[in-house]
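K.L.:
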Amino acid sequence: MRLRSYGRAGAGARRERPTPSSRLLLFDGDKSPCESGDKSPHSKTGARTFGQAHGSSSQARGRRERRSQGRFQISFARLANGDLGLTHTSLANGRNAFKVFRRSADDGETWSEPLKISDASHEYTTGPRDKLYVLASGRVLALLHCNLKPDAKKQGGPLDVYTVHSDDHGKSWSRTPSSDVLRVPDNPLQKHEWGFWEPVLVEHAPGKLLMLARTTTGWLWKSRSEDNGSTWSPPVQSTVPNPVAPPVLTRVPGTDTLVLIHNPDVKLSDSWHGGERVALAFRTSQDSGGTSSAPADIYRAPNNQLWVDYPAVRWINGQLHLVWRRIDKTSPARRLGKSGALQRLASRDRRRAAGRRQTHRECGPAPCHHYRRPPARRRPPQPGWHGQNGRCLGCSPPDFSLSLSADLT
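Taking our numbering, I'd label the letters of the sequence shown as residues 848 to 1256.
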């Protein structure tokens, strides 16, 4: 495997990066404050931050209105009829989310009204980003992960996966039977969330699909479909160790070679992610995912100082383009708590933070609209936790890395 690196996307990126002749579309999500805290003027990358707290009823109404506008986890694909298809998650409020589909017949200039494709069996349904698939038959297939409505006093819970598909280019949708909701055993070390979620799939032969997903067991688990995704086998543990981090799976065009890119380091005693996300590696499989090669590093952070995860790939002119998220582990954005923890923190400390404006060097001379986490009352801050040492919660957003790989056959 040959790998050519093109550095960070954005400032400092190399200008000689190749681009295809066709137009590229860029989609950016707008995550709702109910999931991730108010978006600050200083946080234009969608990083999860707290905004300055206010107490007036009119401003509270404004926040509630913004909660209904959250759109994130965007995926899109070229449909068999030439249209563009797009899915994203919409947040209805802090406890309800659903998946929608839109179509564009003019290459993204205009889009149809959103069509809800998740059903009411689960009140909080999201889905992995960049995971809308068009199969060889023309069927459009979307992956959804979900959990039951969270308890107001206990956040998190088991996460499951089901699929929805369309055979008329996204005009109508059907879901897998309720009996095919995919679940795996939980890990007692993972107290907040557990299960089978953020899946990826590949069509290794016409109508035959392999799905892999992250779990809290220290391994990727897999499920298979022999009928274009209409039904799925119960998940079983794969032979690939993996922390609680999402992989990406693809097939080399014109071959039977499958390529898996994932975080290879696993440490089950780490109750947060089951291992640090300091490296990305790839494996190949020649038998439809039954077995795979030993992992080979694509990128490993120098001195383990960077957090690298959420890889995404795209084949262009026979070459595999890979992009991933990169976060400085010393940044306060390193470990953002789950939405429930953030909401409890915001609620508990709103009185203390109300009306308080702070200036940070990272934000420049203007007053910072983020507020710092007050000192923990019950336990000291954990290493790397956001807000440690009084640093601003939103001044250090993550950046991205881009690489180009070829000759995977």
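Here a beta-carbon is modelled for each residue, glycine too, at the ideal position from N, C-alpha and C.
Between Asp-1112, Leu-1029 and Val-1011, which has its C-alpha nearest Lys-1069's C-alpha?
P.N.:
Here residue 1069 is taken as the residue at index 222 of the sequence shown, counted from 1. Taking only the C-alpha atoms, the option nearest Lys-1069 is Leu-1029.
K.L.:
Along the chain, where does the beta strand (DSSP E) that runs through Asp-1175 open and close?
P.N.:
Along the sequence shown, read from residue 1 onward, the residue named residue 1175 stands at position 328. 1166–1175 is the span of the beta strand (DSSP E), which, as asked, contains Asp-1175.
K.L.:
Between Ala-983, Val-1091 and Ser-1021, which has its C-alpha nearest Leu-990's C-alpha?
P.N.:
Your numbering for residue 990 matches position 143 in the sequence shown. It is Ser-1021 whose Cα lies nearest to the Cα of Leu-990.
K.L.:
In chain order, what are the residue ranges of uninterrupted beta strand (DSSP E) at least 3 long that sit wholly in the segment 927–973?
P.N.:
Runs of the beta strand (DSSP E) inside the segment 927–973: 931–940, 943–951 and 971–973.
K.L.:
Report yes if the C-beta distance between Ala-1092 and Asp-1112 is below 7 Å; otherwise report no.
P.N.:
For the purposes of this step, residue 1092 is identified with residue 245 of the sequence shown, where counting begins at 1. For the purposes of this step, residue 1112 is identified with residue 265 of the sequence shown, where counting begins at 1. Cβ atoms of Ala-1092 and Asp-1112: not closer than 7 Å.
K.L.:
Quick check on the burial criterion: 16 or more other C-beta atoms within 10 angstroms. Buried or exposed for Trp-1162?
P.N.:
Mapped onto the sequence shown, residue 1162 falls at position 315. The residue is exposed, with fewer than 16 neighbouring Cβ atoms inside 10 Å.
K.L.:
Please classify Pro-1149: does DSSP put it in a helix, a strand, or coil?
P.N.:
In the sequence shown, counting from the first residue as 1, residue 1149 sits at position 302. The answer is helix: DSSP assigns Pro-1149 an H, G or I state.
K.L.:
List the residues that DSSP assigns as beta-bridge partners of Ile-921.
P.N.:
Here residue 921 corresponds to residue number 74 of the sequence shown, with the count starting at 1. Paired residue(s): none; Ile-921 is not in a bridge.
K.L.:
What does DSSP give as the partner residues of Gln-1084 in its beta bridges?
P.N.:
Counting from one through the sequence shown, the residue named residue 1084 turns up at place 237. Bridge partners of Gln-1084: Trp-1068.
K.L.:
For Lys-891, does the count of other Cβ atoms within 10 angstroms reach 16, so buried, or fall short, so exposed?
P.N.:
Walking along the sequence shown from the start, residue 891 turns up at place 44. Bear in mind that a pLDDT of 32 at Lys-891, under 50, signals an unreliable position, so the number given afterwards is only what the model happens to contain. Label assigned to Lys-891: exposed.
K.L.:
For Ser-937, which option in Val-947, Gly-929, Ala-1141 and Glu-1050 has the closest C-alpha, if you only look at C-alpha atoms?
P.N.:
On the sequence shown, position 90 is the one that residue 937 refers to. The option with the nearest alpha carbon to Ser-937 is Val-947.
K.L.:
Applying the 10 Å Cβ sphere with the 16-neighbour rule, what's the burial state of Glu-925?
P.N.:
For the purposes of this step, residue 925 is taken as residue 78 along the sequence shown, with counting starting at 1. Before going further, note that residue 925 is Arg rather than Glu in the sequence given. Exposed.
K.L.:
Between Arg-1147, Leu-933 and Pro-1158, which lies nearest to Lys-963 when the distance is taken from Cα to Cα?
P.N.:
Within the sequence shown, residue 963 is the residue found at index 116, counting from 1. Minimum Cα distance to Lys-963 is reached at Leu-933.
K.L.:
If you draw a straight line from the alpha carbon of Asn-1075 to that of Lys-1018, how long is it in whole angstroms?
P.N.:
In the sequence shown, the residue the question calls residue 1075 occupies position 228. In the sequence shown, the residue the question calls residue 1018 occupies position 171. Those two C-alpha atoms are separated by around 18 Å.
K.L.:
To which residues does DSSP link Ser-1132 through a beta bridge?
P.N.:
The residue given as residue 1132 occupies position 285 in the sequence shown. Looking at the DSSP assignment, Ser-1132 forms a beta bridge with Leu-1105.
K.L.:
Specify, as a first and last residue, the run of the beta strand (DSSP E) that Thr-1097 falls within.
P.N.:
The sequence position of residue 1097 within the sequence shown is 250, counting from 1. Run containing Thr-1097: 1095–1098, per the beta strand (DSSP E) assignment.
K.L.:
Lys-1114: buried (16+ other C-beta within 10 angstroms of its C-beta) or exposed?
P.N.:
To locate residue 1114, count along the sequence shown from 1; it is residue 267. Exposed is the call here.
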